[in-house]
Amino acid sequence: MLIVGELINTSRKAISEAVEGKNAQYIQQVAREQLEAGANYIDVNCGNKVFNEVEYMEWLVNSVQEAVQAPLCIDSPNPQALIAGLSLAKYGTPMINSITDEGPRFEAILPLVLKYKAKVVALCMDDHGMPETAADRMRVVDSLYGKLTAAGVKDDDIYFDPLVKPVSSVQTAGVEVLETIKLIKQNYPHVHFMCGLSNVSYGLPNRKVLNRLFVSQTMTLGMDGYILNPTDKSMMGIIYAGSTLLGKDDYCMGYLKAHRKGLYEE
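Written as structure tokens, this is what we have:
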């Protein structure tokens, strides 16, 4: 299970203010807390700072790496911002979020995946937009998989994002994601998955209830990567327990570690 800590994102007010004020201490505190809570990667996203994104990306990456020696997920639709972050990333294998099957975006991002030998989140979108059904998503998956592997990207470095939409606006959004995961797992058993899970509950009350249940449902079908808040103890507890019940936790060590960390305290 690969957990990408989502909290260093300038769409969050506290992070935006810290970036604009160059408050490295706060950014570093958030990075440390996520790593200590169980994140494997730290997401770095300043995509809403469109006029200063490259500058802010450089500052964020340097600030984070002064505090933690963790691999980074460089998260931006802007190739120049991706280059700024990837060129500075120095711990482990970086991850790019994301590539799509939209012609210009694919052509811009693929060279970066190859140059930096990065893992890549492959988002189920193409020039026709955001697919509604699992069948439409699989059409994009088939195309992306063929192009990425033909270019030399290994299955182990591909993380398909099945495109989670809010069930508040699309009633079948959760079901279509579950079906997509199942089909990808059947057809491409050696690739991985990644998604922004909390999208499923957008616009609804008691979002944590829906998010936690959706984790259990998606894990059962093969989901093995999430972009989420790792300091949410209940969520992380569910992920550790789910891995144990699915036979992916040798000697229940992850579950026992979670117990010792107090993730299951009432």
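Mapping the sequence shown onto our numbering, position 192 (from 1) lands on 1208, and the numbers just tick up by one. Ideal placement from N, C-alpha and C gives every residue a C-beta, glycine not left out.
Per-residue DSSP class, three states only, for residue i
i     : result
H1275 : helix
A1150 : helix
S1079 : helix
T1234 : helix
V1157 : helix
G1037 : coil
D1266 : helix
G1145 : strand
Y1256 : helix
Y1280 : coil
G1063 : coil
S1032 : helix
N1227 : helix
S1250 : helix
A1167 : coil
Candidates the options, of which the one nearest residue i by Cα
i     : options                    : result
V1193 : L1213, Y1204, P1205, Y1107 : L1213
A1138 : E1033, Y1042, V1207, Y1271 : V1207
Y1132 : M1141, L1102, K1038        : L1102
A1150 : K1135, A1166, D1177        : D1177
T1234 : L1272, Y1271, Y1280, V1180 : V1180
L1261 : R1276, G1238, E1033        : G1238
N1094 : G1270, V1046, Y1107, E1071 : E1071
N1203 : N1025, G1119, M1141, R1155 : R1155
E1069 : V1136, Y1107, T1026        : T1026
Boundaries (first-last residue) of the beta strand (DSSP E) holding residue i
i     : result
N1215 : Neither: N1215 is in no beta strand (DSSP E) and is coded neither H nor E.
L1088 : 1088-1091
Y1042 : Premise fails: Y1042 lies in the alpha helix (DSSP H), 1040-1053, not in any beta strand (DSSP E).
V1060 : 1057-1060
Residue j beta carbon less than 9 Å from that of residue i
i     : j     : result
A1097 : G1063 : yes
P1087 : T1116 : no
V1231 : Y1218 : no
Q1081 : L1104 : yes
I1090 : V1060 : yes
I1285 : L1244 : This structure gives no information on residue 1285, because the portion of the chain shown stretches from 1017 to 1282.
S1184 : L1220 : yes
S1079 : A1124 : no
T1188 : L1023 : no
D1172 : T1165 : no
L1130 : A1167 : yes
Beta-ladder partner(s) of residue i, from DSSP
i     : result
G1241 : L1018
K1131 : Note: K1131 sits in no beta bridge, so no partner.
Y1175 : V1137, H1208
Delimiting residues of the alpha helix (DSSP H) encompassing residue i
i     : result
S1114 : Not the alpha helix (DSSP H): S1114 falls in the beta strand (DSSP E), residues 1111-1117.
I1024 : Taken as a continuous stretch (DSSP letters only), I1024 belongs to no alpha helix (DSSP H), as it is neither H nor E.
K1198 : 1189-1203
A1097 : 1095-1102
CB contact check: residue i to chain D, cutoff 9 Å
i     : result
C1062 : The chain labelled as chain D is not found in the depicted structure, where only one protein chain is given.
Cβ-heavy atom distance, residue i to the ligand ZN, below 8 Å
i     : result
E1082 : Although the ligand ZN was asked about, the structure shown includes no ligands whatsoever.
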